[in-house]
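Just so you know, the sequences run in chain order A and B. Counting in our numbering, the first sequence runs from 1433 upward without gaps. Counting in our numbering, the second sequence runs from 1407 upward without gaps. We put the beta carbon where it would ideally sit given N, CA and C, even for glycine. For reference, the structure discussed in these notes is given below.
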Amino acid sequence: QSVLTQPPSASGTPGQRVTISCSGSSSNIGRDTVKWYQQLPGTAPKLLIYVNNQRPSGVPERFSGSKSGTSASLAISGLQSEDEADYYCAAWDGSLNGYVFGTGTKVTVL
Amino acid sequence: QVQLQQSGPRLVKPSQTLSLTCAISGDSVSSKSAAWNWIRQSPSRGLEWLGRTYYRSKWSNDYAVSVKSRITINPDTSKNQFSLQLNSVTPEDTAVYFCARLVGDTVDYWGQGTLVTVSS
Chain A
1433 QSVLTQPPSA SGTPGQRVTI SCSGSSSNIG RDTVKWYQQL PGTAPKLLIY VNNQRPSGVP
1493 ERFSGSKSGT SASLAISGLQ SEDEADYYCA AWDGSLNGYV FGTGTKVTVL
Chain B
1407 QVQLQQSGPR LVKPSQTLSL TCAISGDSVS SKSAAWNWIR QSPSRGLEWL GRTYYRSKWS
1467 NDYAVSVKSR ITINPDTSKN QFSLQLNSVT PEDTAVYFCA RLVGDTVDYW GQGTLVTVSS
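So this is what it looks like as structure tokens:
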């Protein structure tokens, strides 16, 4: 059902850098900005990155985003235990005329 | 600070109608810069956008193709809220349902989520 493709899991030890990829198409990532969300168990997703690489107020600088063509990535530098969560990318899809999400990546802090 | 508070039944029988409401504080359902959305999440379908309602010079709706024949999203300006109705539900519609605000091309605020189970 999900239109954007992410790896199912990623992991790292505290302090390491972890990156998560998000692959889309010309109708979504290729034409719209990319958003990233963090979801802790039992809670709603929280906006982490918008307009490809912008952080809302309160989001730590260790979270960064980038986009190239029809793909995007989220990087977490200096991984911390509280970063253990599910992460989703998202974009507006012009062909579907709807908001589409990634398959989600579970980040584990070893 | 925008807050979205969801309410509605958590158990719905197959073939009946799922109804949820989202009360808005800190913004207006009639805002000309926002759209008001419903999104659901299930293990089998992941995060799935269902549709939105928004006001510019008139009220408009957009719905996901997967539910277009069964869904209605309505604003209630008197109570500053909006609602979801999903008809003819099946167990496949069991999911956590979220209301959310879309500004520009970004969903920024979410409701707390409501687990709705479709079962007899």
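For residue i and residue j, I'd like the C-alpha separation in whole angstroms.
i       : j       : result
B:K1464 : A:A1523 : 25 Å
A:Q1512 : B:S1526 : 44 Å
B:C1428 : A:I1452 : 32 Å
B:G1519 : B:Q1411 : 9 Å
B:D1511 : B:A1470 : 16 Å
B:V1509 : B:S1439 : 6 Å
A:G1501 : A:Y1531 : 18 Å
Any idea which residues DSSP pairs residue i with across the strands?
i       : result
A:D1515 : The partner list for A:D1515 (beta bridge, DSSP) is empty, contrary to what the question assumes.
B:A1441 : B:Y1460, B:L1508
A:S1500 : A:S1503
B:G1414 : Beta-bridge pairing links B:G1414 to no other residue.
B:E1454 : B:R1446
B:D1468 : B:R1458
With 8 Å set as the bound, which would you pick, yes or no: does the beta-carbon of residue i sit closer than that to a beta-carbon of chain B?
i       : result
A:N1529 : yes
A:V1491 : no
I want to verify the contact list: residues of chain B whose CB lies under 7 Å from the CB of residue i, in sequence order.
i       : result
A:K1423 : For residue 1423 of chain A there is no data in the structure shown, the boundaries of chain A being 1433 and 1542.
A:A1377 : Given that chain A is displayed from residue 1433 to residue 1542, the structure contains no residue 1377 of chain A and the question cannot be resolved.
Determine whether the Cβ of residue i lies closer than 8 Å to any Cβ atom of chain A.
i       : result
B:A1440 : no
B:D1482 : no
B:L1492 : no
B:W1444 : no
Could you tell me which chain B residues have their CB closer than 9 Å to the CB of residue i, listed as they occur along the chain?
i       : result
A:G1536 : G1452, L1453
Which residues of chain A have a Cβ atom closer than 8 Å to the Cβ of residue i, listed in chain order?
i       : result
B:T1512 : T1465, K1467, L1479, Y1482, V1483
Legend entry - the stretch 1461-1472 of chain A contacting the stretch 1419-1433 of chain B, beta-carbon criterion three pairs below 8 Å: no
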